[in-house]
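Visitor: Before anything else, here's the structure in question.
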Amino acid sequence: MDLNINESDIGFRDEVRAFLASCWPKADKQRNRSQKDIALFRQRAIEAGYLYRSIPRRYGGSEQAYNIIRAEIIREEFGRVRAPMEVSGNGTSMLVPTLLDCGTEWQREQFIRPTISGEYVWAQGYSEPGAGSDLAALKTSAVLTGDQWVINGHKIWTTDVLKAQFMFALVRTEPDAPKHKGISYLLIDLRQPGVTVRPLKQLHGGEEFGEVFLENVKTPADWIVGNRGEGWSVSKTTLKHERSSIGNAKSYMAMYARLYELAAGTTRSGLPAIQDPVIRVELARIEALVLSQQYSSYRQFSRAAVGKDPGLSPLLNKLVCTGIGHRIAALAQELIAESGLLLPSAQVRGAEKWVNQIVGSLGVAIAGGSSNIQRNIIAERGLDLPRAQGEGA
Amino acid sequence: MIFDTSDIQDSFRESVERLCERAMPATQLRHVFDAGTGFDAALWDGLVDLGVPALVVPEKHGGLALSLFDLALVAETLGYHAAPVPFLGHMLASMAIACAPENELQSQYLQSFVTGERRVSLAMDALYCESGVAHPATGKVRADAVLNADCADVLVVRAGEGCGLLAREHIGNMTALNVADRTRPLFAIEYDLADVQLLHIDQAQRARLLDAGRVLLAADAYGGARRCFNMSVAYAKMREQYGAPIGSFQAVKHQLADLAATIDPGIGLYWLAAKSYDDDPANASRLSALAKAHLCEIFRLASRAAVEAHGGIGYTWEYELQIWFKRALFDFAMMGTPGECFAKAGPGEPAKSERR
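Chains as they are written, first to last, in the working numbering: chain A, 356 to 748; chain B, 5 to 360.
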């Protein structure tokens, strides 16, 4: 669906198409483009106002007025021709918005530009072995000694830590303050003695995150974002950003399309699975869920764009999408049948590649606030149900 | 395009909402339900005054010629309030007459349906062109499920392979069925085909009326499910056990959060189906079946979850939650069960652009 509100949005879509036609010609095969070509394209897209729209020009962004319809038009049009979007990762999606909200001028100047260009890769240092859903129970300590923080502790489930040079982390700086008030948000250079990184192999064999041991690790005093003891509220900006990106209903429509193709290409009891009435009904049920969420998202977009209250829906997106992912995984597992005995490998790309989704859908359920934490948030913030002692989000 | 209601649609919906709140407080709803008439004249007159019966009637017959989406928004509100009015039958029968090739029945009747001077309703088998059950062309016949037949001046009924109009005086032997949902009563009637004035609408037009009916049921189900959910949340805040509101217990919170996640996105699918009925007829039949199946299944789940969330009081006749429970039974069974409608819809073949 093309989300155009009025003539000016249609005109904007035409502008974006014209830009892509001249700067990202279809004829070239994507794989022939070098990293330099991609960086150059991104630079032009920033100059045109299409990427990093919420980031001021002085930090390397394109500084555009807030307009989610236009942002969506850009995503649609860039996606259509597979043009490079913003650099993905914790840095652009989580750290940069936090610095814009709570960082000092020096921090913004120092970190935003190299982060959005992809030069600086950031790990997210939140969880600890004893602090998962109850994140505010974290124990990693930082003590201000002269003009440096000295950090000791153990971070785990640290996304992107294997390729990151830096980490943004929540650490305890005020050991005598109440749980949530004793936490600060620090930026840490990981390339120093005392930092030990160990990869964590995941259920499907991938190694996207790891654990980090911090032993007398140093960071300058002014690498704190926000004030001492305010790290908990500083970190809330970033979690909010992560949720909206995970709840992207469109990727589930693409997943439904692949599931449909899997059913069309699979033989089951001598017939194409797509002709099996049981498979057809389950596919239709999944399609109903996916369309519901996709068009509910369009409604949320449309309302937010003109300042109308989208209601409870934004709080539900993650839990809804997690549920759809589980349903897709269950049907995929049924369809791939014996290929589900295998794990995917780089050399062989058969139906077992679905094992990545079958396993990965569980990762989605846990990452960025597990489903049970989501349920607490929905109930307490969305439905205004009373908090009980000792729980909460 | 923008995927939302317009300001005019919002304000119209608010008018219907306010009317329902005023005319149909819980005491009045329970009264109508127990009286078994399934019809609240004051509420219906209020809807007529707001112009609800005019929404999908052509302008030349005094209507507003708006879209099914507009009508579906009303259906959602009426579902939220369990409104005991002959909305479904009146609207579908009006649409049946309006979609026929130009004829004198239209000028004779449509205007009076808009002004509220006459009420019209529908025998369900007039829509079921897919059933394959043969229907005689002459003689005395029976219709087993007629919506609100007792308060209709004229009915759209099946006649052979088509359908037509039957005036009230020609209805023979009307029997009220022992319906679960007393807000939308059903009747069995007998009639002589010689008394039916034929409407020349073909199978494709009847199929399209069935699509419209499914969209309206999906909308009704969404409204009903929202009401069941809201009642459950309110009850969880008020009811105390172990010295605390039960809504403070995590088990209850999680049930309600899951219910919210089940119900809330459904609005996207029923809106999509209604809008495709108006703008994208090639996909309307599939999407209306898909929306009907999905939303009525959700309403079924929500009504059952709400009874459980209320505990003992939810299982009583005197507490009004039972009325939505029964509307969920109606929406589930009418015009094809979710299982039948999912099978009819089948999985949609994805557009090429979506195969990323």
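Where a beta carbon is used, it is the ideal one built from N, C-alpha and C, also for glycine.
Contact between the region 501-510 of chain A and the region 435-447 of chain A: three or more CB pairs below 8 Å?
Guide: No contact exists between the region 501-510 of chain A and the region 435-447 of chain A.
Visitor: For the region 483-535 of chain A, list the beta strand (DSSP E) runs that are entirely contained and at least 3 residues long, ordered along the chain.
Guide: 496-500, 503-514 and 521-527
Visitor: What do you reckon, are the CB atoms on arginine 34 of chain B and glutamate 322 of chain B nearer than 9 Å?
Guide: Yes, they are a contact pair.
Visitor: Determine the closest residue to valine 436 of chain A out of A/Asp456, A/Ala478, A/Ser377 and A/Cys676, with distance taken between C-alpha atoms.
Guide: A/Ser377
Visitor: Could you work out which residues of chain B lie near arginine 654 of chain A, taking near to mean beta carbons separated by less than 8 Å?
Guide: Phe7, Asp8, Ile271, Gly272 and Trp275
Visitor: Assuming alanine 639 of chain A and glycine 340 of chain B make a contact with CB atoms under 8 Å, what is their CB distance in whole Å?
Guide: With a Cβ gap of about 13 Å, alanine 639 of chain A and glycine 340 of chain B do not count as contacting.
Visitor: Spell out the partners DSSP gives cysteine 167 of chain B in its beta bridges.
Guide: According to DSSP, cysteine 167 of chain B bridges with B/Arg162 and B/Leu203.
Visitor: For leucine 668 of chain A, decide whether its Cβ has a neighbour in chain B, counting only Cβ atoms nearer than 9 Å.
Guide: According to the sequence provided, residue 668 of chain A is serine. The question's leucine does not apply to it. Residue-level contact by beta carbon holds for serine 668 of chain A and chain B, with a gap shorter than 9 Å.
Visitor: When the Cα of leucine 541 of chain A is compared with those of A/Gly561, A/Trp512 and A/Val572, which residue comes out closest?
Guide: A/Val572
Visitor: Does the beta carbon of phenylalanine 253 of chain B come closer than 9 Å to any beta carbon on chain C?
Guide: Of the chains in the structure shown, none is chain C; the protein chains are A and B.
Visitor: To be precise: take each residue of the region 631-660 of chain A, compare its Cβ to all Cβ atoms of chain B, and keep it if any distance is under 7 Å. Which residues remain?
Guide: So the close ones are Pro632, Arg635, Val636, Leu638, Ala639, Arg640, Glu642, Ala643, Leu646, Ser647, Gln648, Gln649, Tyr650, Ser651, Tyr653, Arg654, Ser657 and Arg658.
Visitor: Select from B/Leu294, B/Ala277, B/Tyr226 and B/Ser289 the residue whose C-alpha is nearest the C-alpha of phenylalanine 303 of chain B.
Guide: With distances taken between Cα atoms, phenylalanine 303 of chain B lies closest to B/Tyr226.
Visitor: Whole angstroms is fine: what's the gap from valine 78 of chain B's alpha carbon to valine 20 of chain B's?
Guide: 7 Å
Visitor: Please list, in chain order, the chain A residues whose beta carbon lies closer than 8 Å to that of aspartate 283 of chain B.
Guide: Those within 8 Å of aspartate 283 of chain B in chain A number zero; the least Cβ separation is about 11 Å.
Visitor: How long is the line joining the alpha carbons of aspartate 262 of chain B and proline 88 of chain B, rounded to whole angstroms?
Guide: 30 Å
Visitor: Using beta-carbon positions only, say whether proline 411 of chain A and leucine 455 of chain A come within less than 9 Å of one another.
Guide: yes
Visitor: Please confirm if glutamine 712 of chain A has its CB atom under 9 Å from at least one CB of chain B.
Guide: no
Visitor: Give me the subset of the region 239-251 of chain B whose CB atoms are less than 8 Å from a CB atom of chain A, sorted by chain position.
Guide: Ala240, Lys241, Ala248, Pro249 and Gly251
Visitor: Along chain B, which residues have their Cβ under 7 Å away from the Cβ of tyrosine 607 of chain A?
Guide: Under the 7 Å cutoff, chain B gives no residues; its nearest Cβ is about 10 Å from tyrosine 607 of chain A.
Visitor: Could you pull the DSSP bridge partners for proline 627 of chain A from this structure?
Guide: A/Thr622
Visitor: Out of B/Gly343, B/Ala355 and B/Val311, state which residue places its alpha-carbon closest to the alpha-carbon of asparagine 287 of chain B.
Guide: B/Ala355
Visitor: For chain A, is any of its Cβ atoms less than 9 Å away from the one on histidine 298 of chain B?
Guide: yes
Visitor: Helix, strand or coil for lysine 381 of chain A? Go by DSSP, reduced to three states.
Guide: If DSSP states are grouped into helix, strand and coil, lysine 381 of chain A belongs with coil.
Visitor: Could you check the C-alpha separation between proline 575 of chain A and glutamine 462 of chain A for me, to the nearest Å?
Guide: 12 Å
Visitor: Helix, strand or coil for methionine 339 of chain B, going by three-state DSSP, please let me know.
Guide: coil
Visitor: Kindly indicate which three-state DSSP category leucine 670 of chain A falls into: helix, strand or coil?
Guide: In the three-state reduction of the DSSP assignment, leucine 670 of chain A falls in the helix class.
Visitor: Is tyrosine 540 of chain A helix, strand or coil when you go by DSSP?
Guide: Strand.
Visitor: Considering only the alpha carbon of each residue, which of B/His174, B/Gly50, B/His204 and B/Met178 lies closest to leucine 109 of chain B?
Guide: It is B/His204 whose Cα lies nearest to the Cα of leucine 109 of chain B.
Visitor: Looking at the C-beta of tyrosine 611 of chain A, does it have a partner C-beta in chain B at a distance below 9 Å?
Guide: yes
Visitor: Under 9 Å, Cβ to Cβ, is there at least one residue of chain B near isoleucine 683 of chain A?
Guide: no
Visitor: Name, please, each residue of chain B whose Cβ falls closer than 9 Å to the Cβ of arginine 583 of chain A.
Guide: By Cβ distance, chain B contributes nothing, its closest Cβ being about 33 Å from arginine 583 of chain A, past 9 Å.
Visitor: Kindly indicate which residue of B/Ala27, B/Leu114 and B/Leu92 has the alpha-carbon position closest to the one of histidine 85 of chain B.
Guide: Checking every option, the nearest Cα to that of histidine 85 of chain B belongs to B/Ala27.
Visitor: If we cut at 9 Å on Cβ distances, does leucine 221 of chain B have a partner in chain A?
Guide: no
Visitor: Would you say leucine 68 of chain B and methionine 95 of chain B are within 9 Å of each other, going by their C-beta atoms?
Guide: no
Visitor: Pull up the distance between the alpha-carbon of leucine 75 of chain B and that of lysine 64 of chain B, whole angstroms please.
Guide: Near 19 Å, if we compare the C-alpha coordinates of lysine 64 of chain B and leucine 75 of chain B.
Visitor: How would you label glycine 747 of chain A, buried or exposed, when you count the other beta carbons within 10 angstroms and need 16 or more for buried?
Guide: At glycine 747 of chain A, the pLDDT of 44 sits below 50, so the modelled position is not reliable; the number obtained from the coordinates is stated separately. Exposed, because fewer than 16 other Cβ atoms sit within 10 Å of the Cβ of glycine 747 of chain A.
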